[in-house]
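Asks: In the numbering used here, the protein residues as written are 921 to 1085.
C-beta atoms are modelled at their ideal positions from N, C-alpha and C, and glycine is treated no differently.
Every value quoted in this text rests on a predicted model; they were computed, and no experiment measured them.
Okay, handing you the structure first.
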């Protein structure tokens, strides 16, 4: 059901034809990268949080991790991820297929700066075995994002050096 809702949403932007459905799971960044045939960083993972009682989605590059300080500076609260049941109830998509397409009313969507390194990325499409190839402008438009945020770490060159040292 969630897949069809996401697909209908993308069809409004003439992007539904790019959806890929796999015979294998794409529920994690690594599985999605294997299924798509790309580097994990190019997977646009959608993280679901609760902010002041309202669901918030942050779409970030597959190699990025939430930076608690940056998140709190942006949203004014500690990062609290939704439980799998909350994600399904509040967002409309199950964990593994959470995406910014066809979400329930009131869900706020933000795109993280970590995505801007790429021309194209692959977010899920409402199921744990799907993805859609989108340019960054197409993702920006079709996701209905409120704005770009900078709440992730680990993707900048200087941060990668620190983490491996």
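Going by DSSP, name the residue or residues bridged to residue 1024.
Replies: Here the question's residue 1024 lines up with position 104 in the chain shown. In the DSSP output, where bridge partners are listed per residue, residue 1024 has none listed.
Asks: Determine the closest residue to residue 1046 out of 932, 940 and 933, with distance taken between C-alpha atoms.
Replies: Here residue 1046 corresponds to residue number 126 of the chain shown, with the count starting at 1. Measuring from the Cα of residue 1046, the nearest candidate turns out to be 940.
Asks: Which residue or residues does DSSP assign as beta-bridge partners of residue 1040?
Replies: Indexing the chain shown from 1 puts residue 1040 at position 120. Residue 1040 is bridged to 1055.
Asks: In the DSSP assignment, find the alpha helix (DSSP H) that holds residue 951 and state where it starts and stops.
Replies: As a first step, residue 951 must be located in the chain shown, where it is residue number 31. Per DSSP, residue 951 belongs to the alpha helix (DSSP H) from 949-956.
Asks: Just verifying my parser: in three-state terms, what is the DSSP assignment at residue 1047?
Replies: Within the chain shown, residue 1047 is the residue found at index 127, counting from 1. In this structure, residue 1047 counts as coil in the three-state DSSP scheme.
Asks: Is the region 1006-1018 close to the region 1051-1069, with three or more CB pairs under 8 Å?
Replies: Segments in contact, no.
Asks: Output needed for residue 1067: all residues of its chain with C-beta closer than 7 Å, excluding positions within five of it in sequence on either side, in chain order.
Replies: Taking the first residue of the chain shown as 1, we reach residue 1067 at position 147. So the list reads 1030, once near-sequence residues are dropped.
Asks: Can you tell me whether residue 1011 is helix, strand or coil according to DSSP?
Replies: Stepping through the chain shown from its first residue, residue 1011 is reached at position 91. The answer is helix: DSSP assigns residue 1011 an H, G or I state.
Asks: Going by the CB atoms, is the gap between residue 999 and residue 1038 shorter than 8 Å?
Replies: Taking the first residue of the chain shown as 1, we reach residue 1038 at position 118. Taking the first residue of the chain shown as 1, we reach residue 999 at position 79. Taking 8 Å as the Cβ cut-off, residue 1038 and residue 999 do not qualify as a contacting pair.
Asks: Mapping DSSP to helix, strand and coil, what is residue 926?
Replies: As a first step, residue 926 is located in the chain shown; it is residue number 6 there, counting from the start. Helix, per DSSP.
Asks: Residue 1050 and residue 945 - do their beta-carbons sit closer together than 8 Å?
Replies: Locating residue 945 in the chain shown gives position 25, where the first residue counts as 1. Locating residue 1050 in the chain shown gives position 130, where the first residue counts as 1. It is not a contact, given that the beta carbons lie outside the stated cut-off.
Asks: Just curious, the beta strand (DSSP E) that residue 1067 is in, first and last residue?
Replies: As a working mapping, residue 1067 is identified with position 147 in the chain shown. Note, residue 1067: beta strand (DSSP E), 1067-1069.
Asks: Rounded to whole angstroms, what is the Cα-Cα separation between residue 935 and residue 928?
Replies: In the chain shown, the residue the question calls residue 935 occupies position 15. In the chain shown, the residue the question calls residue 928 occupies position 8. Cα-Cα distance, rounded: 9 Å.
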